[in-house]
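Data block below; observations after.
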Amino acid sequence: VEKTLGQLRHAVPRGVNVRFECAADSGVLVGLMHDFKIAVANLLLNSFAAMSGGGILLIRITGADGLLHLEFADSGCGLPPADAEQAFDPLFTTGEGKTLGLGLPQVREFAVASGGDLKLTSEKGRGTSVVLRLPPQSG
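Residues in the sequence shown are numbered from 254 upward in steps of one, following the numbering used here.
Structure, rendered in structure tokens:
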């Protein structure tokens with residue numbers, strides 16, 4: 254996660270503070286690292302896009318229920334409920350022509366194929382949290 258974040262430093266909007274928390278007992282991923290890096294990059298870029306005016310992105314890595322939990326919680330613009338419900342639909346985008354709407358569907362496909370899942374919660378005006386849950390042997 255830190256390596257992918259470093260590779261995307263140029264995309265971090267001015268005024269965005271990235272915080273990173275990793276629990277000591279969170280576990281280790283092995284396996285499809287290329288696909289994992291693409292998933293992380295998509296989640297980072299979505300958070301950055303939501304915080305064009307600045308804010309905080311908290312990346313929290315924990316372990317629970319035998320799964321690794323990677324949470325990307327931003328203080329960006331958030332999504333209205335109707336948009337949050339469509340967020341995983343291919344080609345749905347709030348990026349106003351700047352994105353294709355393939356990032357979250359791709360991350361979800363990776364998560365499910367790896368034996369995990371992807372959850373999104375969002376509140377308009379308050380931010381969005383996306384949690385990627387993966388078994389330790391995936392990623």
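C-beta atoms are modelled at their ideal positions from N, C-alpha and C, and glycine is treated no differently.
- Taking 9 Å as the cut-off, the Cβ atoms of D342 and S375 do not count as close.
- At least 9 Å separates the beta-carbon of R267 from that of L311.
- Scanning the stretch 288 to 368 from its first residue to its last, the whole alpha helix (DSSP H) runs of 4-plus residues come out as 334 to 339 and 356 to 366.
- In the structure shown, G259 falls within a helical segment according to DSSP collapsed to helix, strand and coil.
- When rounded, the separation of the alpha-carbon atoms in E362 and D288 is 10 Å.
- Less than 9 Å separates the beta-carbon of V293 from that of L323.
- The C-beta distance from D327 to A303 rounds to 5 Å, short enough to meet the 8 Å contact threshold.
- A direct Cα-to-Cα measurement between N270 and G329 gives close to 12 Å.
- Between G368 and P388, the gap from beta carbon to beta carbon is short of 9 Å.
- Taken atom to atom, the span from the alpha-carbon of S382 to that of K372 is near 8 Å.
- Going by beta carbons, N295 and Q359 fall inside the 9 Å limit.
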